[in-house]
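These notes are about the structure you will find just below.
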Amino acid sequence: MPEVVLATQGLTRHFGGLAAVSGVSLEAHMGQLHAVIGPNGAGKSTLINMLSGDLPPTSGRVAINGCDVTGLAAHQISRMGVGRSYQKTNVFLAFTAFENCRLAAQSRRKTSMQFFRPAVNLTEVNRSAEEALAAAGLDGRAGSVASALSHGEQRQLEIAMTLATRPKLLLLDEPLAGMGAEESASMVALLKKLVETHAILLVEHDMDAVFELADRLTVMVDGQVLASGAPAAIRANAEVQEAYLGESHE
Amino acid sequence: MTSRANAILLAVAVLGLAATPFFAEKFYVQFFAKLLIMGIFAMSLDLLLGYTGLVSFGHAAFYGASAYTLAILTPQYQAANFWTSFPIAIAVSATLALVIGFFVVRTHGIYFIMVTLAFAQMLFFLFHDTKIAGGNDGIYIDVRPVAKIGDWQPFNLDNFVHVFYLVLVFFVIVYVLLRVILASPFGRVLVGIKANEARMRSLGFPTFRYKLVAFVIAGAIAGVAGYLSSIQFGVVNPEMMGWHLSGAVMMMVILGGMGTLTGPIIGAAVWMLLELGLQGLPKVGSVDLGKHWQLWMGSFIVLASLLLPNGLLGLGASLLRRIGKQRGKPDA
Ligand SMILES: Nc1ncnc2c1ncn2[C@@H]1O[C@H](COP(=O)(O)OP(=O)(O)OP(=O)(O)O)[C@@H](O)[C@H]1O
Ligand SMILES: [Mg+2]
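Going down the list, the sequences are from chains A and B. My numbering applies: residue 14 is where the first sequence begins, and numbers increase by one. My numbering applies: residue 142 is where the second sequence begins, and numbers increase by one.
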């Protein structure tokens, strides 16, 4: 059995009276991609926000590498080897693509409380940034300001920044959203490669990509897990067909 | 404008300033010293305002704190020692910034503005309403600090030319120091925090402590400006901590262009030249234009902030770009 990198137990988040996520228990394993699917408003992004520490859970627990991290701040969880991307592109628009990744890579140093040495001379950090850009297929655009990148390229940059922090667990919130067919294909290829060395939790609406990539599938509806299992089993599940897959294929 | 062009321009300006004591009258030498002091003060605020995104409305607290430290360290009718009083005064400003920062840096947006103002006003009233260091009249520093090392005195602070050069040296040191800090890993984190603090956190940066350290550095540099001001004018009063001054230095930064180091310097210079010029306006009929200088200043600030979103430096840069474009056109 591959190493369990992420495990949640009864994870729940309320917004006022709304139970955006309730009682979600799932795992992500090293070398595997666990896809979470579900209709709009199912609570997928809220789930990721709780895993990354962006949002504190109302109840339930999160463990990373066997350590309970429930309630830790986002920067602490990030430093445990968790990288996330955002559904809505969340990059530093005024910085170059390289600086976006350089800053991300700089976060892996013990501290950035260094005042007198030029940041551009941190060779190790520069190398990480370049590798991350190349992995995401953006090496030709390193010098471009992020705001001047196309939508698809910004999505790639979002992933590149995540990779530059050298995470073990990747939490990806709809990385294919808004991408063209070609960009999508290369992102799928990238994810296939990344899964060999990472544990990945992928939220995605693109069903072709999901079924191509997933080792395991969890279907969420109204904040709850409707079904979880191998992709073939999920595809055959009548309840899922009715609640979600059927809907989107009509 | 590139930062290198800025640095060259600034180097020329500094050399020009360095020559002023050879031909300018005492009034102007002192005026330029004051201008440079405000430049230091404005640069320190810009580290927070323009680079970290912390809109501090109480920055005068740290300026005043070091000035009061010198006043308190100065024995009556005797001189304090420059070499001890200066570091102590800066340390007091920095420590105060650490304590205040510890509480205010957790807050965001409008709350941050309010609490920085509140802390500074608390200090203002501490000195204004009690008998400490002369109460609301302030206190004179009868004898300027002495900068003796053994029997040797490298400079004499009773001499206005020496004061001018001391200020100029500190101005250059502060500028270079901030340049270096901004290019460092620490500086890059600050700029990232200004752009998107939440994203910085999810990348793994504990942003609170970086903001706190920036707050302390800015407070310490404001302390340098406050100390220099108190030796130049030989007087310390509660206004040096007041919100008028905090507001004025914020205006200088915004007017010149925040997020650059040259901007606050230009802002401070324009502000002080305007103040000088507007106060000197003549009487027209029964209206004393000069007496109402704050009205003209206010109107100027309103116009400038409406018309120049990137400050005077931004205006200069876009003019240069336009000229550059025209030149670059073939057959133009
Ligand atoms: N910060 C918030 N405050 C209040 N309600 C929220 C907040 N964030 C999400 N919600 C609500 O929680 C529910 C789940 O939202 P979430 O964004 O997690 O869904 P999702 O599965 O990611 O949907 P999508 O596929 O559209 O991205 C929705 O009803 C949403 O309106
Ligand atoms: Mg979502």
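Cβ coordinates follow ideal geometry from the N, Cα and C atoms, glycine included. Just so we're clear, the structure is a prediction, and the values are computed from it rather than from any experiment.
As a beta-bridge residue in DSSP terms, E40/A pairs with A20/A. For R26/A, the pairing in a beta bridge is given by DSSP as V34/A.
With 16 or more neighbouring CB atoms inside 10 Å of its own CB, A208/B falls in the buried class. Straight-line spacing of the CA atoms in N300/B and L415/B works out to 27 Å. At least one beta carbon of chain A lies nearer than 8 Å to the beta carbon of N337/B. Residues close to ligand 1 by the beta carbon criterion (under 5 Å to any non-hydrogen atom) are, from first to last along the chain, F28/A, A33/A, N53/A, G54/A, A55/A, G56/A, K57/A, S58/A and T59/A. In this structure, ligand 2 has a non-hydrogen atom nearer than 7 Å to the beta-carbon of D186/A. The beta carbon of Q127/A sits no closer than 7 Å to any heavy atom of ligand 2.
Nearest to A355/B by alpha-carbon distance, out of H218/A, L176/A and Q127/A, is Q127/A. Residue burial is scored here from C-beta neighbours: C114/A has at least 16 other C-beta atoms within 10 angstroms and is therefore classed as buried.
Taking the C-beta atoms as reference points, Y281/B is found no nearer than 8 Å to V428/B.
At a C-beta separation below 7 Å, F128/A has these neighbours in chain B: I322, S325 and F327. For the segment 115 to 126 of chain A, the set of positions with a beta-carbon nearer than 9 Å to some beta-carbon of chain B reads R115, L116, A117, Q119, S120, R121, R122, T124, S125 and M126 in chain order. Cβ-Cβ separation between Q219/B and V284/B: approximately 6 Å, consistent with a contact (criterion under 8 Å). For V170/B, not one C-beta of chain A is nearer than 8 Å to its own C-beta.
Using a cutoff of 7 Å, the CB of Q100/A counts as near ligand 2, since one of the ligand's heavy atoms is closer than that. Beta-bridge partners of V158/A (DSSP): T109/A. Taking I372/B as reference, the option from V443/B, S226/B and L264/B with the minimal CA-CA separation is S226/B.
Under DSSP, C80/A forms a beta bridge with I77/A. Interface residue (Cβ-Cβ distance to chain A less than 8 Å): L344/B is classified as such.
Taking all protein chains in view, the Cβ of Q262/B is crowded by 16 or more other Cβ atoms within 10 Å, so the residue is classified as buried.
By the C-beta density criterion, V208/A is buried, having at least 16 other C-beta atoms within 10 angstroms. V332/B is positioned such that its CB atom lies no closer than 8 Å to that of V155/B. For the pair of segments examined, the segment 186 to 204 of chain B was found not to touch the segment 270 to 278 of chain B: the number of CB pairs separated by less than 8 Å stays below three. For A336/B, the closest C-alpha among the options D292/B, G291/B, F311/B and G400/B is that of G400/B. In the structure shown, M200/A falls within a helical segment according to DSSP collapsed to helix, strand and coil. Taking a Cβ-Cβ threshold of 7 Å, the residues of chain B close to H88/A are R342, G345, F346 and P347, in chain order. Using a 10 angstroms sphere on the CB of H249/B, the tally of other CB atoms stays under 16, which defines it as exposed.
Contact between the segment 172 to 188 of chain A and the segment 91 to 102 of chain A is present: three or more C-beta pairs spanning the two stretches fall below 8 Å. Take the alpha-carbon of R145/B and the one of L402/B: they are about 12 Å apart. Between the alpha carbons of I149/B and G157/B lies a gap of roughly 12 Å.
As the crow flies, the alpha-carbon of G205/B is around 56 Å from that of M192/A.
In this structure, R26/A sits away from A20/A, with a CB-CB distance that is not shorter than 8 Å. Residues G84 of the same chain have their beta carbon placed closer than 7 Å to that of P69/A, with the five preceding and five following residues left out of the count. In the three-state scheme derived from DSSP, where H, G and I count as helix and E and B as strand, I290/B is classed as strand.
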